[in-house]
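Residue numbers (full-length UniProt numbering), protein chains in the order written: chain A, 1 to 257; chain B, 1 to 257. Beta carbons are placed, not taken as given, at the ideal position from N, Cα and C, and that holds for glycine. Predicted model only: the values in this text are computed from it and were never measured. Notes for the one structure printed next.
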DNA sequence: GAGTGGTCTAGACCACCTA
DNA sequence: AGGTGGTCTAGACCACTCC
């Protein structure tokens, strides 16, 4: 009583639509295994290839995930780690807590991060302009970190600091030599964070990002370009966050000006 | 000097990698047409199916876009429309400008929006909690809009307003009867926007969103759940934005508290 | 009509997981 | 060993675009 009206949409789409409906109706619970591709092929009167195509559609929508040799499973939605607009608030520095670790703890996970690399570099034109430094010399220090929640890589963070500020502070070492972290150093250098500017975009990950964030198909990334602005309205640090969108969200609770 | 080491990665991936490199190197300019699938198949010694697979990988990354009967083209990156944290600033209301129209104009485009529907509804539990209204009665008005830049649908906006506020204001009509728009009405009703709370996530679009935002493969959506908070710290309006990530970005320039 | 992408069939071999 | 997904070949027909 269903196919008799001759649906002109491709078979793989129809299969995907049917399975999507079943998932949304709860006929396949989150985490449950779908029937094998061979069984689905038989059920829908299609060849396995076509079923695989249908499942790829659902995988790209983030609905299912295929595991080689095991089966295809309904994806379980993760609770999101929320990076807030208050993440730089002095209250965190004074309490000794990190917003990231707090969020992980809320979910019963252990947060940690690794330093991937530190380098003094010549900035590209755009970055030089943002930081108001020269693009002809090695005027910037770049620090690269990855953050983990338990074993999952959650986001990658790149920070750029003018050499004029970083010089002599130990920011070229992996361990930041300040009790209040990197922002403690900036304050000692006379830059009090007064405003932040966050530019937010989302896109599909590059192959590099897929491998180092261990991303499944159908998971976009959120990219945040953050600039810290001091009491004189001057930028003194730029940070880029690349976050997997299936585990992260942003939250801005701010006054209207 | 390339394939002799016996690359064990799938052929379709290798083809995708090679084409990606060529695109990134500029050997295929943005907007340019790639060789046909049949020609690529010949070049790589693969069957057309495999080439199609490779191109789908690139399409999903947002690098190329296939046009039926015409060819496969390197995708042209659009300039982003930036929705800012200042989008509710009084300065816009007073100047009579809309941040969205200003952003469109910057790109030489004409912005417009349509009212899709207005309804008085019973809110779900979560929304009722956010707006501090009952979830047992039709305590909320929902307004649904689409925004366009020229002919492209750019984002869909759903606004929920407590009936206690909307009652008698004309908010059930498509045309908002106030010189300063919907937020003018809220102010007349005694709710001055003092803070906003924006919760931001990104994900792949649902099939519905694909069709009404006219999305190509490989384009995620950004979802913003916005709450307006008045002088008493009380929420009085919730709005959800679903924006196509290839044409939109967000921008928060805010004080550190 | 010629060329392009979209899709499907039929069958095969492989890699991976569980037992 | 047997089941699962991952991938590829070979060939076909269709729908769409452009000339």
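query, result
"Local Cβ density within 10 Å of residue 25 of chain A, reported as buried at 16 or more and exposed below that", "exposed"
"Own chain residues within Cβ distance below 6 Å of residue 54 of chain B, not counting five before or after", "12, 15, 16"
"Distance between beta carbons of residue 257 of chain A and residue 89 of chain B, contact taken as under 8 Å", "6 Å"
"Contact set between residue 253 of chain A and chain B, taken where Cβ atoms lie within less than 7 Å", "195, 197"
"Cβ-Cβ separation, residue 66 of chain B to residue 51 of chain B (assumed contact under 8 Å), whole Å", "In fact, because the Cβ distance is near 11 Å, the residues do not count as touching under 8 Å."
"Sequence-distant residues of the same chain with beta carbon closer than 6 Å to residue 252 of chain B, five excluded per side", "85"
"Min CB distance residue 52 of chain A to chain B below 8 Å", "no"
"Runs of beta strand (DSSP E) wholly within the stretch 159-201 of chain A (minimum 3 residues, chain order)", "none"
"Burial state of residue 237 of chain A (16 or more Cβ within 10 Å)", "buried"
"Element boundaries [beta strand (DSSP E), containing residue 123 of chain A]", "Here residue 123 of chain A belongs to no beta strand (DSSP E), and DSSP marks it neither H nor E."
"Cβ-based burial, residue 123 of chain A [other Cβ within 10 Å; buried from 16]", "buried"
"Residue 133 of chain B, buried or exposed, once every other Cβ within 10 Å from all chains shown has been counted against 16", "buried"
"Cβ-based neighbour list, residue 61 of chain B, same chain, cut-off 7 Å, excluding 5 preceding and 5 following", "218"
"Inter-residue spacing [alpha-carbon to alpha-carbon] between residue 179 of chain A and residue 96 of chain A", "9 Å"
"CB contact check: residue 124 of chain B to chain A, cutoff 8 Å", "no"
"Residue 202 of chain A, buried or exposed, once every other Cβ within 10 Å from all chains shown has been counted against 16", "buried"
"CB contact below 8 Å: residue 5 of chain A versus chain B", "Note that residue 5 of chain A scores 47 on pLDDT, short of 50, meaning its location in the model is unreliable and no value can be drawn from it."
"Entirely enclosed alpha helix (DSSP H) segments - the stretch 94-118 of chain B, minimum 4 residues", "99-106"
"Continuous alpha helix (DSSP H) stretch holding residue 49 of chain A: start and end", "48-60"
"8 Å Cβ cutoff, residue 220 of chain B in contact with chain A", "yes"
"Reduced DSSP secondary structure (H/G/I, E/B, other) of residue 217 of chain B", "coil"
"The stretch 108-116 of chain B touching the stretch 146-158 of chain B, judged by at least three CB pairs closer than 8 Å", "yes"
"Proximity below 8 Å, CB of residue 87 of chain B to CB of residue 79 of chain B", "no"
"Distance CB(residue 224 of chain B)-CB(residue 244 of chain B) smaller than 8 Å", "no"
"Proximal residues, the stretch 70-88 of chain B versus chain A, C-beta separation under 8 Å", "80, 82, 85, 86, 88"
"C-beta contact flag for residue 121 of chain A and residue 143 of chain A at 8 Å", "no"
"DSSP state of residue 13 of chain B mapped onto helix, strand, coil", "helix"
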